[in-house]
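A.B. asks: When the letters of the sequence shown are read in order and numbered with the UniProt record's numbering, they come out as residues 1 to 272.
Every residue gets a Cβ at the ideal spot worked out from N, C-alpha and C, and that includes glycine.
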Amino acid sequence: MSIKLIASDMDGTFLTANDEYSQARFERVLSIMETRDMRFVAASGRQVKNLQQLFAPTINNGFEMDFVGSNGAVVSTFEQQLYSVHLSANQLEKVIDWNAKNPESAENIIIMTGDKGTYVSNHATGQVAEMVFQFYPNVKQVEKLMQVDDHILGITFVWPNNEVHQHVSALRNIFGNELHATGSGFGSVDVLGKGVDKAAGLQVLQDYYNVLDSEVMVFGDNGNDLEMLTKYENGFVMPNAEPFMQQRVTKKAVDVNTNDGVLKTIEQYLGI
Numbered sequence: 001m002s003i004k005l006i007a008s009d010m011d012g013t014f015l016t017a018n019d020e021y022s023q024a025r026f027e028r029v030l031s032i033m034e035t036r037d038m039r040f041v042a043a044s045g046r047q048v049k050n051l052q053q054l055f056a057p058t059i060n061n062g063f064e065m066d067f068v069g070s071n072g073a074v075v076s077t078f079e080q081q082l083y084s085v086h087l088s089a090n091q092l093e094k095v096i097d098w099n100a101k102n103p104e105s106a107e108n109i110i111i112m113t114g115d116k117g118t119y120v121s122n123h124a125t126g127q128v129a130e131m132v133f134q135f136y137p138n139v140k141q142v143e144k145l146m147q148v149d150d151h152i153l154g155i156t157f158v159w160p161n162n163e164v165h166q167h168v169s170a171l172r173n174i175f176g177n178e179l180h181a182t183g184s185g186f187g188s189v190d191v192l193g194k195g196v197d198k199a200a201g202l203q204v205l206q207d208y209y210n211v212l213d214s215e216v217m218v219f220g221d222n223g224n225d226l227e228m229l230t231k232y233e234n235g236f237v238m239p240n241a242e243p244f245m246q247q248r249v250t251k252k253a254v255d256v257n258t259n260d261g262v263l264k265t266i267e268q269y270l271g272i
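Below, the structure written as structure tokens:
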């Protein structure tokens, strides 16, 4: 069965470093994919607006892309949004209240991503605050998160990298019946609507373009990629991924992200 849809995570997977990618090489691949009726999807924990800004040079050169943003909470084609899942006010209150009462949350930061912007506390400073402004569009610092006037797609907590797994497990134990928690890299833990993940987001695009699971190829490196890496037979984990990812996914991209591992693997499939 030929591949019709190729989706890739961004940080630690497609991007080489510092929001960079090999533009000329990518556009050459896209040109060949277009002749074969294949589509490329940026599937990321980042918001769709951030992804569109990231790939603006390629899009402005006339290339089409689709997007699974906010770890699957928003799905968009190159021209229209197809899908979004928001948290209810009650769910937001429960998660924020849990965080306030959690003794291990004293030093962390809360990021809320919404349709209109990204919201962090006025008290956010230093490297974490700089990270928020780098990876999220339209960041606004606010006094009270629960008073934000927006539809919220998810809540992100930032902990030390080596604590991510324990916090994901704790959140799943507490909120697993109504929410989905996942690690997104860089110490981020995302809390999303129930059933929201990148595989579910890709299914929206599959339905839209009439693509079978066997016609999908995906790339990833972290816990928020596991659902799509294990769903599709053509799921490739990056050689630079952590050991727990290498153990869960058997197929490997041909090189690490800093050496264009995703593009090299696609080129190998395309025979170019």
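1. Between THR113, GLU215 and TYR232, which has its C-alpha nearest VAL142's C-alpha?
2. Nearest CA to the CA of ARG172: which residue from TRP159, GLY193 and PRO160?
3. Which word fits residue 284, buried or exposed, when buried means at least 16 other C-beta atoms lie within 10 angstroms of its C-beta?
4. Would you identify the three-state DSSP class for ALA43, choosing helix, strand or coil?
5. Under 9 Å between the Cβ atoms of THR118 and ASN138?
6. Kindly list the residues whose CB is nearer than 6 Å to the CB of ASN50, restricted to its own chain and excluding five residues on each side of it in sequence; keep chain order.
7. Taking the C-alpha atoms as reference points, what is the distance between ILE110 and GLY12?
8. Taking just the CA atoms, how far does VAL148 sit from ARG28?
9. Which residue marks the beginning of the alpha helix (DSSP H) containing GLY12, and which one marks its end?
10. Measure from the alpha carbon of GLN203 to the alpha carbon of each residue in THR35, PHE40, ARG36 and GLY72, then state which is nearest.
11. Just curious, the alpha helix (DSSP H) that ASN173 is in, first and last residue?
12. Taking 9 Å as the cut-off, decide whether the C-beta atoms of GLY261 and ASN234 are in contact.
13. Using DSSP with H/G/I as helix, E/B as strand and the rest coil, what is ILE6?
14. Measure how close the beta-carbons of MET217 and ILE6 come, nearest whole angstrom, since I'm counting them as under 8 Å.
15. Where are the beta strand (DSSP E) runs, 3 residues long or more, that stay fully inside the region 167-244, in chain order?
16. Once DSSP output is grouped into helix, strand and coil, what is the label at GLN80?
17. At the level of alpha carbons, what is the spacing between ASP115 and ASP150?
18. Quick one: what's got a C-beta closer than 6 Å to residue 284's C-beta in the same chain, skipping five residues either side?
19. Below 9 Å between beta carbons: does that hold for LEU15 and MET65?
20. Return helix, strand or coil for SER70, following the three-state DSSP convention.
21. In angstroms with no decimal places, state the Cα-to-Cα distance between ARG248 and THR230.
22. Assign THR250 to buried or exposed, taking buried as 16 or more other Cβ atoms, counted over all protein chains shown, within 10 Å of its Cβ.
23. Quick check: what's the CA-CA separation for VAL132 versus VAL85?
24. Figure out for me which residue from GLU79, VAL74, PHE63 and GLN80 has the closest Cα to the Cα of LEU87.
25. Work out the CA separation of TYR269 and ILE32 for me, nearest whole Å.
26. Along the alpha helix (DSSP H) that carries GLY261, what are the first and last residues, could you check?
27. Pick helix, strand or coil for GLU130, following the three-state DSSP scheme.
C.D. replies: The answer reads as follows:
1. THR113
2. GLY193
3. In the structure as shown, the chain starts at 1 and stops at 272, and residue 284 therefore has no counterpart that could be examined.
4. strand
5. yes
6. PRO137
7. 23 Å
8. 43 Å
9. From DSSP, GLY12 is part of no alpha helix (DSSP H); its letter is neither H nor E.
10. GLY72
11. 164-175
12. no
13. strand
14. 5 Å
15. 179-185, 188-193, 216-220 and 234-237
16. coil
17. 7 Å
18. Only positions 1 to 272 of the chain appear in the structure, and residue 284 is not among them; the question remains open.
19. no
20. helix
21. 8 Å
22. exposed
23. 22 Å
24. VAL74
25. 12 Å
26. 261-270
27. helix
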